[in-house]
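Listed in order, the protein sequences are those of chains A and L. The numbering of the first sequence is the working numbering, which starts it at 0 and goes up by one. The numbering of the second sequence is the working numbering, which starts it at 282 and goes up by one.
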Amino acid sequence: MTVIGTRLARQEDPRLLRGRGRFGDDISARGQSWARIVRSPSARGRIRAVEAGEAVGVPGVTAVVTARDLPAGLVIPVRLAVAGTELSDFLQPILAADAVRYVGEPVAVVLGEDPYACEDAAELVGIDIEDEPAILDARAPQATVAAELSRDYGDTDAAFARAAHVVETELAIGRHSGVPLEPRCLLAVPGQGPGQDGLDIYGMTKVPVWNRDLLAGLLGLDEALIHVHAIDAGGGFGVRGEFYPEDFLIPWLALTTGRPVKWAEDRAEHLMAVNHSRQQYHRLAAAFDAGGRILALRADIIQDNGAYCRTHGVVVPELTAAMLPGPYRVPAYRGRVRVVLTSKTPCGTYRAPGRFEGTAAREHLLDVAATRIGLDPVELRMRKLLIASELPHQRPMTTLGTDMILDTGDYPALLKAALAEADRLGYRTAAAGAPEGRRRGLGLAMFVEKSGLGPQETADVTVSRSGMVHVCSGGTSLGQGIETVMAQITADALGVDPGAVRVTLGDTAAQPFGAGSWASRSTVVGGSAVHQAATAVRARAIQLAARVLEAAEEDLDVAGGSVSVRGDPAVQLSLGDVAAAAAPASRYLEPGEPAGLSARHRFEVSHMTYPYGAHIAVVEVDTGTGQVRVLRYLVAYEVGRAINPMMVEGQLRGGVAQGIGGSLFEEFSYDEDGQPQAVTFIEYRLPTAAEVPPVDVLLSQDAPSPGNPLGVMGAGEGGISAVGGAVANAVRVALGLAGGVGQLPLTPARVQALTKAGGDR
Amino acid sequence: MKDLHQITVTVNGREHELTVESRRTLADMLRHDLGYTGTHLGCEHGICGACTVIMDGAPVRACLVFGVQADGTQIRTVEGLAHGDELSDLQQAFSDEHALQCGFCTPGFLMLAEAYLAETAQDGETAELTAEQARELVASNLCRCTGYQGIIEAVRSTARSRHRR
Chain A
0 MTVIGTRLAR
10 QEDPRLLRGR
20 GRFGDDISAR
30 GQSWARIVRS
40 PSARGRIRAV
50 EAGEAVGVPG
60 VTAVVTARDL
70 PAGLVIPVRL
80 AVAGTELSDF
90 LQPILAADAV
100 RYVGEPVAVV
110 LGEDPYACED
120 AAELVGIDIE
130 DEPAILDARA
140 PQATVAAELS
150 RDYGDTDAAF
160 ARAAHVVETE
170 LAIGRHSGVP
180 LEPRCLLAVP
190 GQGPGQDGLD
200 IYGMTKVPVW
210 NRDLLAGLLG
220 LDEALIHVHA
230 IDAGGGFGVR
240 GEFYPEDFLI
250 PWLALTTGRP
260 VKWAEDRAEH
270 LMAVNHSRQQ
280 YHRLAAAFDA
290 GGRILALRAD
300 IIQDNGAYCR
310 THGVVVPELT
320 AAMLPGPYRV
330 PAYRGRVRVV
340 LTSKTPCGTY
350 RAPGRFEGTA
360 AREHLLDVAA
370 TRIGLDPVEL
380 RMRKLLIASE
390 LPHQRPMTTL
400 GTDMILDTGD
410 YPALLKAALA
420 EADRLGYRTA
430 AAGAPEGRRR
440 GLGLAMFVEK
450 SGLGPQETAD
460 VTVSRSGMVH
470 VCSGGTSLGQ
480 GIETVMAQIT
490 ADALGVDPGA
500 VRVTLGDTAA
510 QPFGAGSWAS
520 RSTVVGGSAV
530 HQAATAVRAR
540 AIQLAARVLE
550 AAEEDLDVAG
560 GSVSVRGDPA
570 VQLSLGDVAA
580 AAAPASRYLE
590 PGEPAGLSAR
600 HRFEVSHMTY
610 PYGAHIAVVE
620 VDTGTGQVRV
630 LRYLVAYEVG
640 RAINPMMVEG
650 QLRGGVAQGI
660 GGSLFEEFSY
670 DEDGQPQAVT
680 FIEYRLPTAA
690 EVPPVDVLLS
700 QDAPSPGNPL
710 GVMGAGEGGI
720 SAVGGAVANA
730 VRVALGLAGG
740 VGQLPLTPAR
750 VQALTKAGGD
760 R
Chain L
282 MKDLHQITVT
292 VNGREHELTV
302 ESRRTLADML
312 RHDLGYTGTH
322 LGCEHGICGA
332 CTVIMDGAPV
342 RACLVFGVQA
352 DGTQIRTVEG
362 LAHGDELSDL
372 QQAFSDEHAL
382 QCGFCTPGFL
392 MLAEAYLAET
402 AQDGETAELT
412 AEQARELVAS
422 NLCRCTGYQG
432 IIEAVRSTAR
442 SRHRR
């Protein structure tokens with residue numbers, strides 16, 4: 000019996016429940032100094048002077064570093080380049096030298112013996128800035144356009160010319176982001192390695208090998224001298240672990256001062272320093288024939304990227320444009336993107352980047368179109384969903400440098416199953432009965448996700464002489480439960496108990512070829528590499544056991560941690576004994592054969608795999624206060640194959656909670672001077688248990704992915720992708736709007752305005 | 282001149298004597314002076330609740346209490362919940378109900394729920410926690426990973442099993 004598909008308790012849980020996790024700030028080094036970043040108080044201006052004299056005088060402070068102390072000209076490059084864009088003029092320096100471009104931009108660093116003293120001193124660093132007017136609207140003509148790109152196919156103009164119905168909507172998505180509960184933290188320890196010229200680093204997650212290699216280049220250090228250690232991370236969601244200015248500063252300070260340097264940001268810093276995301280303006284137009292079938296779709300997207308292009312470059316709006324046609328049969332499409340710089344914190348990816356935004360815009364358009372054409376929203380979608388026999392379906396576009404081939408599935412069947420489940424759970428009844436002063440609505444949104452981005456992931460699987468199995472994967476743990484997933488995959492492929500598997504993730508010494516955890520790739524790509532490495536170890540174990548047992552390889556099987564002869568279970572050899580038989584100088588090794596029971600495997604894949612789903616929300620709107628409550632929420636999701644259904648459901652439920660935040664509560668707002676107005680958890684409102692309803696999950700495993708040996712599709716993002724669309728559609732129904740809601744998040748003030756406007760948008 | 286205080290505090294039954302600056306928070310004192318790093322700091326302004334510990338029986342945000350205020354008190358942190366190798370019933374329920382993902386907020390939720398369950402048991406109130414009561418309790422703290430449902434279920438199932446005992 001395979002352990003894949005079981006609701007195995009997580010290996011991570013005991014240490015985390017006991018308070019024995021090792022998070023960033025839990026790790027210190029003897030003799031360390033502390034760093035505090037001094038950040039720009041101004042949204043836009045020229046730096047006249049940085050005065051550090053008073054700060055240096057604070058007892059316990061050892062140094063104040065500004066841009067003048069750094070190697071000149073360093074900028075943080077783009078990790079994910081999109082062909083045809085050139086962003087080198089818009090990259091972020093490590094410390095601002097001449098100009099500041101957003102509140103929170105690093106300008107100086109205070110080093111000292113004690114974090115309290117450093118924080119005191121940071122407040123004494125005088126930054127003299129000649130202010131210039133902040134640019135806060137990405138639609139303003141004076142804003143710099145960093146890039147323009149398009150994703151097109153077919154003749155949209157001809158299709159619009161012969162359309163029976165043309166429907167246009169606008170939807171703006173608010174600026175919000177991942178906001179993991181653990182702030183960022185870094186510790187860099189110099190003087191490591193045999194030559195004492197190496198660096199140990201704690202706190203780089205997500206893409207540690209990429210960050211290591213970039214850091215090595217910036218520091219002029221051999222990359223193998225930098226050892227990024229794997230530690231626990233308090234949530235990632237896309238933002239944690241990208242290369243930020245601090246990721247150069249802290250290691251550089253450690254090398255320069257010859258002492259370990261530690262930095263832990265506070266929440267206010269986090270909210271103005273870590274990648275923002277999501278803020279985009281979408282204008283969509285769809286052409287329909289008389290029967291309500293879509294002929295063509297146009298999308299114009301403006302992204303408010305903030306002050307600099309960071310490591311993600313322009314992939315968020317690129318993904319928006321490329322994924323916008325979604326699960327539908329769209330004969331012609333034209334997506335245009337303008338990436339605009341403003342005086343705000345720069346942007347990056349946040350869970351389901353581009354899909355949360357684009358799905359909301361498209362699904363809202365479809366509901367408005369259904370009203371205009373006089374069709375039921377479900378019927379309208381059913382007419383246009385790609386059917387099973389049309390898959391795989393190649394869209395003549397690329398995204399993330401890969402050809403878009405919607406690989407497998409049955410979209411209409413999943414939508415029908417979702418609607419039946421919602422009916423069974425009483426959603427329609429719940430949506431019908433609103434108390435006095437309230438209105439209720441049921442909203443639906445359908446989506447296609449993407450997952451399993453290549454090009455490769457590498458895994459090592461080694462059996463010790465005790466029989467324990469050690470896995471080193473290049474995936475990283477951000478709290479998603481990937482250790483347990485890898486243990487289950489290994490146990491299944493190798494024939495051992497998952498409790499005998501120990502998984503090391505994201506340690507650059509243990510796995511120097513890792514590509515990291517992002518784009519819902521760890522289980523799909525990383526898991527496939529682990530599967531293949533474990534399968535190779537199994538084959539090697541059988542080969543060696545055949546020599547020891549003097550049996551034929553084809554008569555041997557591995558189960559329960561032992562190799563045994565089929566039909567004669569008394570004759571067996573534990574995997575630990577096989578490992579011993581593979582030890583150096585073992586007589587079972589043939590000349591030239593490498594010692595050890597171990598395998599490294601690289602899984603390569605050139606196409607992504609596309610999971611899909613439907614979200615259904617029932618909301619209640621208080622027409623007096625404008626407050627929106629989500630009463631019921633269903634996610635139906637095709638995942639191909641669930642390694643651990645409990646964790647897939649957990650991913651989906653957590654995603655919904657974040658999606659509700661972005662749809663109703665969370666927003667990085669700015670005043671007219673560009674001062675951020677959401678710098679604490681009072682103003683930046685994460686949903687609590689009072690705002691998140693129980694989430695019903697319909698987990699489908701009907702369409703195994705053809706692109707990997709496990710048949711899996713990514714599970715990390717399908718919980719959030721369609722929340723904006725489902726909630727916007729439900730609120731629109733509740734308020735009886737003829738047009739769209741125009742803007743997310745649907746804060747009480749905006750809902751009140753929509754209620755007054757009476758649906759005339 | 283730093284304003285220093287000599288204090289005595291008992292953490293998970295073990296007495297510590299130490300010197301703290303008057304402005305040092307209980308959270309920093311527990312984490313960095315005494316090594317109880319299971320208490321986590323998510324916001325340092327009393328909203329997220331990740332730093333919740335039990336001080337003389339009551340749940341407190343350790344970021345909003347100064348270390349010097351803990352002089353003479355009994356503090357319980359997440360490290361004090363398990364019985365040797367065995368997780369407490371509440372900890373086990375969190376694992377069973379998949380009430381944690383990254384685990385950063387988890388110590389705060391555990392200490393919040395532990396204090397609540399102990400208090401209601403002491404008051405002789407029914408430990409049959411309704412879903413609404415559990416949701417209200419859990420709404421005290423922030424979690425960014427789970428969507429809260431597992432946490433609510435874990436607290437309720439622990440309340441039920443303790444009630445039966």
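Ideal Cβ positions, reconstructed from N, Cα and C, are used throughout, including at glycine.
Beta-carbon contacts of residue i that lie in its chain and below 6 Å, excluding the five residues immediately before and after
i      : result
A:V336 : L148, I300, P316 and A320
A:P352 : V315 and L318
L:I433 : A415, R416 and V419
L:T289 : E298
L:T291 : Q355
A:R282 : E169 and D299
A:A272 : G103
A:R601 : Q455 and T457
A:Y280 : A171 and I301
A:Q130 : It is worth fixing the name first, because residue 130 of chain A is Asp in this sequence and not Gln. Answer for A:D130: S41 and G44, listed in chain order.
Terminal residues of the beta strand (DSSP E) in which residue i lies
i      : result
A:M403 : T401 to L405
A:T168 : H164 to I172
A:M445 : R437 to V447
L:D370 : Note, L:D370: premise wrong, no beta strand (DSSP E); alpha helix (DSSP H) at D370 to D377.
A:Q455 : Q455 to V462
A:G197 : G197 to Y201
L:M336 : T333 to M336
A:L185 : C184 to Q191
Nearest candidate by alpha-carbon position, reference residue i, set the options
i      : options                           : result
A:R464 : A:A582, A:Q302 and A:G505         : A:A582
A:A558 : A:L493, A:Q531 and A:E603         : A:L493
A:C346 : A:A429, A:A721 and A:N304         : A:N304
A:G194 : A:A139, A:E181 and A:D221         : A:D221
A:G440 : A:A733, A:S597 and A:E131         : A:A733
L:N422 : L:G294, L:V334, L:T318 and L:D314 : L:V334
A:S527 : A:T489, A:A727, A:S342 and A:R38  : A:T489
L:A351 : L:F390, L:Q287, L:R445 and L:S442 : L:Q287
L:A394 : L:E413, L:E378 and L:Q372         : L:Q372
A:R749 : A:Q700, A:R17, A:Q626 and A:G706  : A:Q626
Opening and closing residue of the alpha helix (DSSP H) in which residue i lies
i      : result
L:H444 : Q430 to R445
A:Y152 : Premise fails: A:Y152 lies in the beta strand (DSSP E), V144 to Y152, not in any alpha helix (DSSP H).
A:Q531 : G526 to L548
Own chain, CB closer than 8 Å to residue i, minus 5 neighbours either side, in chain order
i      : result
L:D284 : E302, S303 and R304
A:R350 : G177, F236, G237, G654, Q657, G715, E716 and I719
Cβ-based neighbour list, residue i, same chain, cut-off 7 Å, excluding 5 preceding and 5 following
i      : result
A:L698 : Y636, V638, A641, P644, V647 and E648
A:I541 : E552, L555, V557 and V562
A:A253 : A187, V188, P189, L198, P259 and V260
A:K755 : none
Near the ligand SAH: residue i beta-carbon under 7 Å from a heavy atom
i      : result
A:P250 : Questions concerning the ligand SAH fall outside what the structure shown contains, since it holds no ligand whatsoever.
- [ ] Could you list the residues in the stretch 700-721 of chain A with a C-beta less than 7 Å from some C-beta on chain L, going in chain order?
- [x] Sequence-ordered contacts of the stretch 700-721 of chain A with chain L are nonexistent [C-beta pairs closer than 7 Å].
Open item on the list: Contact between the stretch 624-638 of chain A and the stretch 710-723 of chain A is defined here as three or more beta-carbon pairs at a separation below 8 Å; is this criterion met?
Closed with: Taking a cut-off of 8 Å on C-beta distances, the stretch 624-638 of chain A touches the stretch 710-723 of chain A, as three or more cross pairs fall below it.
Open item on the list: Give me the subset of the stretch 408-440 of chain L whose CB atoms are less than 9 Å from a CB atom of chain A, sorted by chain position.
Closed with: Sequence-ordered contacts of the stretch 408-440 of chain L with chain A read A412, A415, R416, E417, L418, V419, A420, S421, N422, L423, C424, R425, C426, T427, G428, Y429, Q430, G431, I432 and I433 [C-beta pairs closer than 9 Å].
Task: Chain-ordered residues of the stretch 345-367 of chain L with a beta carbon less than 7 Å from chain A - done: Flagged, chain order: T358, V359, E360 and A363.
Task: Near-chain L residues of the stretch 9-38 of chain A - C-beta to any C-beta below 9 Å - done: From the stretch 9-38 of chain A, only R9, E11, D12, P13, R14, L15, L16, R17, G18, R19, G20, R21, F22, D24, D25, I26 and S27 have a Cβ closer than 9 Å to chain L.
Task: Interface residues of the stretch 463-486 of chain A facing chain L [CB-CB below 9 Å] - done: S476, L477, G478, Q479 and G480: these are the residues of the stretch 463-486 of chain A whose beta carbon lies less than 9 Å from some beta carbon of chain L, given in chain order.
Task: Stretch-stretch touch, CB-based, cutoff 8 Å, three pairs: the stretch 387-405 of chain L with the stretch 25-41 of chain A - done: Segment contact: the stretch 387-405 of chain L against the stretch 25-41 of chain A, fewer than three CB-CB distances shorter than 8 Å; contact not assigned.
TODO: For the stretch 230-248 of chain A and the stretch 198-217 of chain A, state whether three or more C-beta atom pairs, one from each stretch, are separated by less than 8 Å.
DONE: By the Cβ test, the stretch 230-248 of chain A is in contact with the stretch 198-217 of chain A, since at least three Cβ pairs between them sit closer than 8 Å.
TODO: Could you tell me whether the stretch 558-574 of chain A touches the stretch 504-515 of chain A, where touching means 3 or more Cβ pairs closer than 8 Å?
DONE: Flag = no, the stretch 558-574 of chain A and the stretch 504-515 of chain A do not touch.
Open item on the list: Can you pull out the residues from the stretch 671-683 of chain A whose beta carbon lies closer than 8 Å to at least one beta carbon of chain L?
Closed with: Contacts with chain L (Cβ-Cβ distance below 8 Å) from the stretch 671-683 of chain A involve T679, F680 and I681, listed in chain order.
Task: Within 7 Å of chain L by C-beta, residues of the stretch 687-698 of chain A in sequence order - done: Per Cβ criterion, the list reads T687, A688, A689, V691, P693 and V694.
Task: Residues in the stretch 253-268 of chain A having any Cβ partner in chain L nearer than 7 Å - done: Of all residues in the stretch 253-268 of chain A, the ones placed with a Cβ closer than 7 Å to any Cβ belonging to chain L are D265 and R266, in chain order.
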